[in-house]
Amino acid sequence: MKKLLFFTLILVHTLCFSQATSLIASKTSSQFIEADEFVGEDIYNNLYYIKNNSFFKKSKHELFHYKNVSFGKITKVDLQNPLRILLFYQNFNTLIVLDNQLNEIQRINFSEIDNSLTLTAVGNATQNGYWFFDQNTQQLKIYHYTSGTFQNIGTIFDTTIKNYDTALNYFYWIDTENILYRSDLFGKKQGLGKIPEYDRISLNDGLTLIYEKDQKLYLFEVTKNKSTLIENVQNSFKSFYFKNQNLTIFTPEGITNYKINLP
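If you count by mature numbering (1 follows the signal peptide of the UniProt record, and there is no 0), then the sequence shown holds residues -18 to -1, 1 to 245, one letter each, in order.
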């Protein structure tokens, strides 16, 4: 019995240490871009970045450029629909919509529509709409751009938004208590779990997040409440972007792409 117990303990000990405690990222490519901020990559592998507050799209063969000096700093870019790219200028309560060649196809100054609105979050939504969060009412809304009408979602925020991102059917946000929430188009609010302490985070991939803490990158699976250290990546970077298991790290030398194979 003692021998059986001894070998059982050895087996458990071995199994515990054989379990993966980190992920090895596989480098796939790298290229130089001269940018102040890397924004992301679309489904067609086009790169988007900001330089001197101008917005750029770089494809394999072409470089497109958009600049608007009237509205100051670009606060947020939404790339979900490459045919309707959103540029949000928070200081002017204004949303610019660009086509796939960065031509301006729509300009919405929400202060002209309703001067009581103060927008702090914007994103593409389904059904010809845009998500937006009104700081004055602490409420999430949808703006239907074809009809020019507003829809109150019904979600009232009790705490401040720390970070946010959008999907066509969901609005995701982390509050100051590091709780991750989402709301659907009908106002159903769900608390998805507590996020570990972080310095920076990428919410672009729904329930699988990448965050930085103390110059190290971690993958966090929300449904499993599990953090995993990502190895074989640069530790010094300006920003990072994660989507569809592809991690892009941006440094002054350009961008490096990695594949993250989820456990």
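The C-beta atom is built at its ideal place from N, Cα and C for all residues, glycine as well.
Being a predicted model, the structure only gives us computed values, none of them experimental.
**Request:** Consult DSSP for F132 and reduce its assignment to one of helix, strand or coil.
**Result:** Collapsing the DSSP output to three states places F132 in a strand.
**Message:** Mapping the DSSP letters down to three states, classify S93 as helix, strand or coil.
**Reply:** Secondary structure of S93 (DSSP, three-state): helix.
**Request:** Enumerate in chain order the residues of its own chain whose CB-to-CB distance from F(-13) is below 6 Å, with the five nearest sequence positions on each side excluded.
**Result:** Because F(-13) carries a pLDDT of 33, less than 50, the predicted location of this residue cannot be relied on, and the following value inherits that uncertainty. Excluding positions up to five away in sequence, the list is empty.
**Message:** Comparing C-alpha positions only, which one of T190, N214, N186, K144 sits nearest to K198?
**Reply:** Nearest C-alpha to K198 among T190, N214, N186, K144: N214.
**Request:** Give the DSSP-derived three-state secondary structure of Q197 in the structure shown.
**Result:** Three-state result, Q197: coil.
**Asked** Relative to the C-alpha of L189, which residue among K195, L65, D181, K206 is closest?
**Response** When the alpha-carbon of L189 is set against those of K195, L65, D181, K206, the nearest one is in K206.
**Request:** Mind checking which residues open and close the beta strand (DSSP E) that includes W21?
**Result:** According to the sequence shown, residue 21 is Val rather than Trp. First-last of the beta strand (DSSP E) with V21: 19 to 23.
**Message:** In the DSSP assignment, the beta strand (DSSP E) including S8 goes from what residue to what residue?
**Reply:** Looking at the DSSP string, the run of the beta strand (DSSP E) that includes S8 is 8 to 13.
**Asked** Since S41 is in the beta strand (DSSP E), which residue starts that stretch and which ends it?
**Response** For S41, no beta strand (DSSP E) run applies, since DSSP gives it neither H nor E.
**Prompt:** Do F38 and I237 have their CB atoms nearer than 8 Å?
**Reply:** In this structure, F38 sits away from I237, with a CB-CB distance that is not shorter than 8 Å.
**Asked** Straight-line CA distance for K171 to I161?
**Response** Distance between the alpha carbons of K171 and I161 is about 12 Å.
**Request:** In angstroms with no decimal places, state the Cα-to-Cα distance between F70 and T76.
**Result:** Taken atom to atom, the span from the alpha-carbon of F70 to that of T76 is near 6 Å.
**Prompt:** What's the gap between the Cα of D181 and the Cα of K195?
**Reply:** Approximately 5 Å between the Cα atoms of the pair.
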